[in-house]
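Residue numbers (the UniProt record's numbering), protein chains in the order written: chain D, 1 to 175; chain V, 1 to 565.
Data block below; observations after.
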């Protein structure tokens, strides 16, 4: 399983806890050494434009906020068949989250990933503000532990960086 | 008795677009367009360094990242009076053109084709007849009988397995679906091919912008693409020729597949050239600058009033006051505190939510006006302005589209029919054909300029006292403009007037509806429970309202998306 894995952070960094995916990507890169063969990207809120980042890959790991019953900060894990269990709803614009549609399109084209792991966190607030809530921020290391475990399962050895540092994403720096 | 339809598909996530229609006698009588989410992201920019504004603005929207980045650097450059090096203009132009090609292909095949194409009907198609039809439209090599047979088999396998995959929420068997099975099969096969071709356009943006979404190569004053033809890590000949071959492939797909498909499908739904005109005042700004100052362009801009091409008045430069002095926004029917119509420099953004009131406030979107008039923006405006101002590539591709569609419809089509729901689709395909030629041209200009010995990419900005400016970009969905007030090197005010604000905005202080609202009036509605016709007209604008958040709902059952009250 070399060279065909992508870790994709999703969410809007200007909308409170919706930044969890991009923030988790920053955290992952600041704490761990990752092989060059694993693609790591903060994609923002790409809607259907996520397709080029999934097409042709064997495995996808998504980091995102999810809607689920439970307190803010709780983590939910889903696999491809669970993500595809419910039909996507009608879309009016290209902005609606496009993960389900993209996976279905790629399945239809015969170019879908063998499996997907979605590591989701339940948000506290997703309004116009910069910065994560306490519960979501506290859950980021655990989200990343799930990513590391998945990569190890796929045969990668993932080591902590000798120069590990606190993440400092550009959007959280002072004006 | 009148009936009310509410199309509000995204109650599962915060925000987006809601459309309300009052239907009587099978026709829409009155419509409301409502942005359901407060953006106010401009507030986040206050006090920040203007050189970093583009990093934040490209996070407004996850799909329109590139366009907000470019409008932002142009606004700050305009405020400080910088002339951008030619290489930077060309590199930006290639990125913008590639982004537009990608966006339009995705819009047609993956977002709106299912409003017209009945995927299930494609199972009845004869692959040989489908290939014949396709070959009558163009020489595209992937229109063979073998290709059509394989696609039909793939589709049949999917349906037999009890799933419709990406097509699950289409309105199959709806009485307004009228294409013959062969055209439906043709569209499905090109849907699959489009998945590959949109990726090629994306690759161009990625090579020049480091990544996409959210390009990394911009700077206020230029770009960060160091140019050294012999250096592996900079922009060099290998990368330039990779870009060229990707652009060439895109051009072939657009000219031989996308444009002919839109012409053929459009011709078979010719009655939709008679619905959906709405606001026929049009606005487009010029783009693809050919000089450092932004006074010469490869794509024209201007205004047209009342659908009359003779009224065309050009917008001629990045500093043209005809644009900057005529833009205002009204909050008469929007959820903001106050009751004003102001220029963007003078606006504030103070939310005041009151609930949906038919005759009062009902949207988070402000109502932009140009010289006090509602305006339609987007590819139709771009093409009409091009046709009215004698822009050769626009006229040539427009004539091609009208002739091709007219031949299929066996009738003469005229530019006047473009003021319609299908006219917007035709115009979008025409614009894409124009832009893909321009992408090749600007690649050539870049290579020639580098060959002449010019490797300049950046001119540093200087901030002092109060500096005020605006920047525009003719984005895929239409005129995008950013307005910035800078004091002592910090942002004091920032406003973005985006394409979907022009089109999706609510009524103004004189109760004049916006383009979405006006375009829906008179649309037929065959089945209020399945208002396909509303989606057709709204999708024809390529709506793009606050992508804002991305919370996935994996567990939830689909929430009712259409309410017929």
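Heads up, the beta-carbon is just placed ideally off N, CA and C, and yes, glycines get one too.
Name, please, each residue of chain D whose Cβ falls closer than 8 Å to the Cβ of residue 246 of chain V.
Per Cβ cutoff of 8 Å: no residues; residue 246 of chain V is ~12 Å from chain D at best.
So which residues on chain V does residue 4 of chain D lean against when the C-beta distance must stay under 9 Å?
Listed along chain V, no residue sits closer than 9 Å to residue 4 of chain D by beta-carbon distance, the nearest being about 16 Å off.
Starting from the C-beta of residue 409 of chain V, find all residues in its chain whose C-beta is less than 7 Å away, skip the five residues before and the five after it, and write them out in chain order.
Counting only Cβ-Cβ distances below 7 Å, and skipping sequence neighbours, we find 267, 270.
In terms of residue numbering, what span does the beta strand (DSSP E) encompassing residue 523 of chain V cover?
Boundaries cannot be given for residue 523 of chain V, as no beta strand (DSSP E) includes it and DSSP labels it neither H nor E.
By Cβ distance, which residues of its chain are closer than 7 Å to residue 404 of chain V, with the 5 residues on each side in sequence left out?
The answer, listed in chain order, is 260, 263.
With hydrogens ignored, establish whether the beta-carbon of residue 371 of chain V is closer than 6 Å to any heavy atom of the ligand ADP.
In the structure on display, the ligand ADP does not appear, and there are no ligands present to speak of.
Return no unless some Cβ of chain V is closer than 7 Å to the Cβ of residue 101 of chain D.
Yes, its Cβ sits closer than 7 Å to a Cβ of chain V.
Residue 493 of chain V (DSSP reduced to helix, strand or coil)
In the displayed model, residue 493 of chain V falls within a strand according to three-state DSSP.
CA nearest to the CA of residue 116 of chain V, picked from V/532, V/538, V/541, V/542:
Checked all of V/532, V/538, V/541, V/542; the closest Cα to residue 116 of chain V is V/532.
Within 7 Å of any Cβ in chain V, is that where the Cβ of residue 164 of chain D sits?
It does not: the Cβ of residue 164 of chain D has no partner Cβ on chain V nearer than 7 Å.
Does DSSP classify residue 101 of chain V as helix, strand or coil?
Residue 101 of chain V sits in a helix when the DSSP states are folded into three classes.
Closest by C-alpha distance to residue 207 of chain V, when choosing among V/95, V/4, V/307, V/302:
V/95 is the residue among V/95, V/4, V/307, V/302 whose C-alpha sits nearest the C-alpha of residue 207 of chain V.
Cut-off 6 Å between Cβ atoms - residues of its own chain near residue 95 of chain D, not counting five sequence neighbours on either side:
Note that residue 95 of chain D has pLDDT 48, beneath the 50 cutoff, so the model's placement of it is unreliable and the number below is only indicative. So the qualifying residues of the chain are 47.
Chain D residues whose Cβ lies nearer than 8 Å to that of residue 199 of chain V:
The CB of residue 199 of chain V comes closer than 8 Å to the CB of 51, 52, 55 in chain D, given here in chain order.
Closer than 8 Å between beta carbons: that is the criterion. Which residues of the region 7-18 of chain D meet it against chain V?
Listed by position along the chain: 10, 11, 12, 13, 14, 15, 18.
Using a Cβ-Cβ distance under 7 Å, would residue 168 of chain D count as near chain V?
For residue 168 of chain D, the closest Cβ of chain V is not nearer than 7 Å.
Does the beta carbon of residue 105 of chain D come closer than 7 Å to any beta carbon on chain V?
Cβ-Cβ to chain V under 7 Å: yes for residue 105 of chain D.
Option in V/114, V/506, V/219 with minimal Cα separation from residue 191 of chain V
Closest by alpha carbon: V/114.
Measure how close the beta-carbons of residue 398 of chain V and residue 407 of chain V come, nearest whole angstrom, since I'm counting them as under 8 Å.
Actually they do not touch by this definition, with Cβ atoms about 15 Å apart.
Backbone secondary structure at residue 95 of chain D - three-state DSSP
With a pLDDT of 48 at residue 95 of chain D, under the threshold of 50, the modelled position of that residue is not reliable, and the figure given next carries that caveat. Reduced to three states, the DSSP call for residue 95 of chain D is coil.
According to DSSP, simplified to helix, strand and coil, what is residue 166 of chain V?
Here residue 166 of chain V sits in helix by DSSP.
Looking at the secondary structure, which residues open and close the alpha helix (DSSP H) in which residue 81 of chain D lies?
Its alpha helix (DSSP H) spans residues 80-83.
DSSP state of residue 211 of chain V mapped onto helix, strand, coil
Residue 211 of chain V: coil per DSSP, three-state reduction.
With residue 311 of chain V as the anchor, note down where its beta strand (DSSP E) starts and where it stops.
For residue 311 of chain V, the enclosing beta strand (DSSP E) begins and ends at 308-315.
Among residues of its own chain, excluding the 5 on either side of residue 176 of chain D, which ones have a beta-carbon nearer than 8 Å to its beta-carbon?
Examination of residue 176 of chain D is not possible in this model, given that chain D is present from 1 through 175 alone.
Residue 520 of chain V vs residue 28 of chain V beta-carbon contact at 7 Å:
It is a contact, given that the beta carbons lie within the stated cut-off.
For chain V, find out if any of its Cβ atoms is closer than 7 Å to the Cβ of residue 134 of chain D; answer yes or no.
No - not a single Cβ of chain V is within 7 Å of the one on residue 134 of chain D.
Do you know whose CA, among V/50, V/186, V/59, V/507, lies nearest residue 75 of chain V's CA?
Comparing Cα-Cα distances from residue 75 of chain V to each of V/50, V/186, V/59, V/507, the minimum goes to V/50.
Checking contacts by CB at 7 Å: is residue 47 of chain V closer than that to chain B?
Here chain B cannot be found, since the structure's protein chains are D and V.
Relative to the C-alpha of residue 274 of chain V, which residue among V/93, V/417, V/477 is closest?
With distances taken between Cα atoms, residue 274 of chain V lies closest to V/417.
List the residues of chain V that residue 40 of chain D touches, going by C-beta distances under 8 Å, in chain order.
Chain V residues near residue 40 of chain D: none, gap ~11 Å exceeds 8 Å.
Could you pull the start and end residues of the alpha helix (DSSP H) that residue 500 of chain V belongs to?
Where residue 500 of chain V is concerned, the enclosing alpha helix (DSSP H) stretches over 499-504.
Measuring only the C-alpha atoms, how far is residue 163 of chain V from residue 122 of chain D?
One alpha carbon belongs to residue 163 of chain V, the other to residue 122 of chain D, and they sit about 30 Å apart.
Residue 118 of chain D versus residue 141 of chain V: straight-line alpha-carbon distance, rounded:
Rounded to the nearest angstrom, the gap between the Cα atoms of residue 118 of chain D and residue 141 of chain V is 39 Å.
Does any residue of chain V bring its CB to less than 7 Å from the CB of residue 109 of chain D?
Cβ-Cβ to chain V under 7 Å: yes for residue 109 of chain D.
So, under 8 Å CB-CB, residue 213 of chain V and residue 44 of chain D are touching, yes? Tell me the CB distance rounded to an integer number of Å.
Residue 213 of chain V to residue 44 of chain D, Cβ: 5 Å. Contact.
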